[in-house]
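Engineer: I have a structure I would like to understand better, so I am pasting it below and will then ask my questions one at a time.
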Amino acid sequence: MVSSITLTNTLEYIQALWIATHQMGLPIALWRLPETQEIQGIIDLSGQPQKTVIDLEELHSGFAVSPFINPEADQSLFIHADIHFTLEQDPSTETYIFSDKNLPLNDPILQIRKENFYQTLENILQTRNYSSVISSRTSYQTQDADQAIFEDMVSKAIREMEEGKFQKVVLSRTITVPIKEDTNIIQTYFKLTQSYPLAFVSLISIPEHGTWMGASPEVIISTNKQKIFRTIALAGTQPYEPGVPLSEVMWKQKEIEEQALVSRYIINCFKKIRLREFEEEGPKTVVAGNLLHLRTDLTVDMQATQFPQLGTVMLRLLHPTSAVCGTPKEPAMDFISNHEPHNREFYSGFLGPVNIDGESHLFVNLRCTQWLSNRVIFYAGAGITTGSIPEREWRETELKTQTMRKIVGV
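Going by UniProt numbering, the sequence shown opens with residue 1, and the numbers climb by one from there.
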């Protein structure tokens, strides 16, 4: 099915599609890759995502979501692409081309469910009953750390690093805000795609796991049709000042050292699997919304190195990356578990499409929000080293939520 629809009708259509999945209790994932105009989406007609290890060589087309804590790698959720659709914007107009990929369904039960789904969608469109559905999840126990609590946590981390227990730890906090009655989650998602053109922008909803939206600048692993593997080392943060050339941006020693730790962590993972043939570019300054970061790109030709399983192997080695956990991983993880007053769940895990059109693109779940039926939870973190100043780290977490809060309107 291919049709051309205006921007207004697109919002209504996707809103109706979103409502239909909630009425039928189906997992759904929407995403847009960095520097592209195409929004993609999949729906799992089984009603329950598969809990599995993410093996890029074994899984069919779908969307992966992993929690931050996943030590055996077997707690990832996989949303099957029983329905796969795309929305491609015509750059010269406000028109979108909607395409249903019409994937073959060998299971007759799934075929019946697909027919029922589109009938439900048609009923919603005919009645124009676009009542706001945000999330099936109504509760989540979290504790928002105020400035004093967060800065005390940072100070404790600095003391332990000075004692030699670890070199770096990434500490996060949450901000919980009531949702306005007229909040439309689909409109919010489209605003997010416009505000973060260089990020991976996603919106997922999974029964029992809730609704998550985010705009991540950080690839954890990517493999394309040309069999090129890619990952990045992203760290260091400062406000973005439009008009200042990126080549003239200055970085403090703390941010340079923090980014270098992340790069070394990835290269050490290459060394563990005896991979020496990789290309390294950077670090360079990049823009992510209202912030600047330091980024190093690392690429590998999987055909030339005869390493077709590299994506799966590196995903297991990298998660959680030092950019969201710390260095060394184990003591940093212990400090996070013992001191953060909230459960990260999917924040700083990874997510993204797997084997969609022959490519897989998984991103660290940053700049993300968790949506409940009546409130939204913002997540933000900061990399802590011995050069950190607690008040500045607090301000960094504030900066990281500013754009998202403006978009949500809270």
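No residue lacks a Cβ here, since even glycine has one placed at the ideal position from N, Cα and C.
Predicted model, so just to flag it, every value in this text is computed and none were measured.
DSSP beta-bridge partners for S205?
Structural biologist: For S205, which the question treats as bridged, DSSP gives the partners I28, T211.
Engineer: So L121 and A235 are supposed to be a Cβ contact under 8 Å. How far apart are they, rounded?
Structural biologist: Not a contact, Cβ separation roughly 43 Å.
Engineer: Contact defined as beta carbons within less than 8 Å: I believe L246 pairs with A215. What is the distance between those atoms, to the nearest angstrom?
Structural biologist: Contact flag wrong, Cβ pair sits at about 19 Å.
Engineer: For S337, does the count of other Cβ atoms within 10 angstroms reach 16, so buried, or fall short, so exposed?
Structural biologist: Exposed, since its Cβ has fewer than 16 Cβ neighbours within 10 Å.
Engineer: With distances taken Cα to Cα, identify the nearest neighbour of W18 among H293, L125, G381, D107.
Structural biologist: With distances taken between Cα atoms, W18 lies closest to L125.
Engineer: Report yes if the C-beta distance between T211 and S205 is below 7 Å; otherwise report no.
Structural biologist: For T211 and S205, yes; Cβs fall inside 7 Å.
Engineer: So, with DSSP's three-state summary, where would you put P283?
Structural biologist: Of the three classes helix, strand and coil, the one that applies to P283 here is strand, per DSSP.
Engineer: Assuming Y379 is part of the beta strand (DSSP E), what are its boundary residues?
Structural biologist: Looking at the DSSP string, the run of the beta strand (DSSP E) that includes Y379 is 375-384.
Engineer: Along the chain, which unbroken stretches of the alpha helix (DSSP H) at least 4 residues long are found entirely within the stretch 212-283?
Structural biologist: The stretch 212-283 contains these whole alpha helix (DSSP H) runs: 253-272.
Engineer: Could you tell me which residues DSSP pairs with K168 in its beta bridges?
Structural biologist: BP columns for K168 point to T327.
Engineer: Assuming R375 contacts T174 under a Cβ cut-off of 8 Å, what Cβ separation, rounded to an integer in Å, is found between them?
Structural biologist: Between T174 and R375 the Cβ distance is about 11 Å, and since that is not below 8 Å, they are no contact.
Engineer: Can you confirm whether the stretch 56-65 touches the stretch 80-88 when touching is taken to mean that 3 or more C-beta pairs between the two stretches lie within less than 8 Å?
Structural biologist: Yes: at least three Cβ pairs fall under 8 Å.
Engineer: State the start and end residues of the unbroken beta strand (DSSP E) segment that holds E398.
Structural biologist: First-last for E398: 390-408, but that is the alpha helix (DSSP H), not the beta strand (DSSP E).
Engineer: What residues are listed by DSSP as bridge partners for L33?
Structural biologist: In DSSP, L33 forms no bridge with anything.
Engineer: Can you tell me the Cα-Cα spacing of Q111 and D90, whole angstroms?
Structural biologist: C-alpha separation (whole angstroms): 31 Å.
Engineer: Judging by CA-CA distance, which residue of L317, Q187, E398, Y140 is the nearest neighbour of V408?
Structural biologist: Cα-wise, what sits closest to V408 is Q187.
Engineer: So what does DSSP say about D297, is it helix, strand or coil?
Structural biologist: In this structure, D297 counts as strand in the three-state DSSP scheme.
Engineer: Just to confirm, is the Cβ distance from V286 to Y240 under 7 Å?
Structural biologist: Contact: no.
Engineer: Under three-state DSSP, which class holds A20?
Structural biologist: A20 falls in the helix class under three-state DSSP.
Engineer: So, under 8 Å CB-CB, S360 and G311 are touching, yes? Tell me the CB distance rounded to an integer number of Å.
Structural biologist: Confirmed, about 6 Å.
Engineer: What residue from S155, Q23, Q141, T127 has the CA that sits closest to I377's CA?
Structural biologist: Considering only alpha carbons, the answer is Q141.
Engineer: Please confirm whether K254 has its beta-carbon closer than 7 Å to some beta-carbon of chain B.
Structural biologist: No chain B appears in this structure, which consists of one protein chain only.
Engineer: A64 lies in the alpha helix (DSSP H); which residues open and close that run?
Structural biologist: No alpha helix (DSSP H) holds A64; the beta strand (DSSP E) holding it covers 62-66.
Engineer: Cα separation between N70 and L317?
Structural biologist: Between N70 and L317, the C-alpha separation is close to 12 Å.
Engineer: Are the Cβ atoms of L294 and I266 separated by less than 7 Å?
Structural biologist: Contact: no.
Engineer: How is the alpha helix (DSSP H) around P108 delimited, first residue to last?
Structural biologist: Start and end: 108-127.
Engineer: Are the Cβ atoms of I220 and V364 separated by less than 7 Å?
Structural biologist: Cβ atoms of I220 and V364: closer than 7 Å.
Engineer: With a cut-off of 8 Å on the beta carbons, I'd call P49 and L30 a contact; round off their distance for me.
Structural biologist: About 15 Å separates the two Cβ atoms, so there is no contact after all.
Engineer: Find the nearest neighbour of E277 within the set F307, L292, I256, judged by alpha-carbon distance.
Structural biologist: Looking at the Cα atoms, F307 is the closest of the given residues.
Engineer: Would the beta-carbon of E115 fall within 7 Å of that of T237?
Structural biologist: Result no, Cβ atoms of E115 and T237 do not sit closer than 7 Å.
Engineer: Please go through the same chain and pick out, in chain order, the residues whose beta-carbon is closer than 7 Å to the beta-carbon of E35, but skip the five residues on each side of it.
Structural biologist: Closer than 7 Å at the Cβ level, and outside the excluded window around E35, lie P197, L198.
Engineer: Within 10 angstroms of its Cβ, does G243 collect 16 or more other Cβ (buried), or is it exposed?
Structural biologist: Exposed, since its Cβ has fewer than 16 Cβ neighbours within 10 Å.
Engineer: Which of helix, strand or coil does DSSP assign to residue 423?
Structural biologist: Outside the displayed span of the chain (1 to 410) sits residue 423, for which this structure offers no information.
Engineer: Quick one: what's got a C-beta closer than 6 Å to G41's C-beta in the same chain, skipping five residues either side?
Structural biologist: Excluding sequence neighbours, G41 sits near L30, F85.
Engineer: Check this for me: beta carbons of E258 and T385, under 7 Å apart or not?
Structural biologist: Cβ distance < 7 Å, so E258 and T385 count as in contact.
Engineer: Considering only residues of the same chain and omitting the five flanking positions on each side of W371, which have a CB-CB separation below 6 Å?
Structural biologist: For W371, where only same-chain residues beyond five positions count, the Cβ hits under 6 Å are I134, S135, T211.
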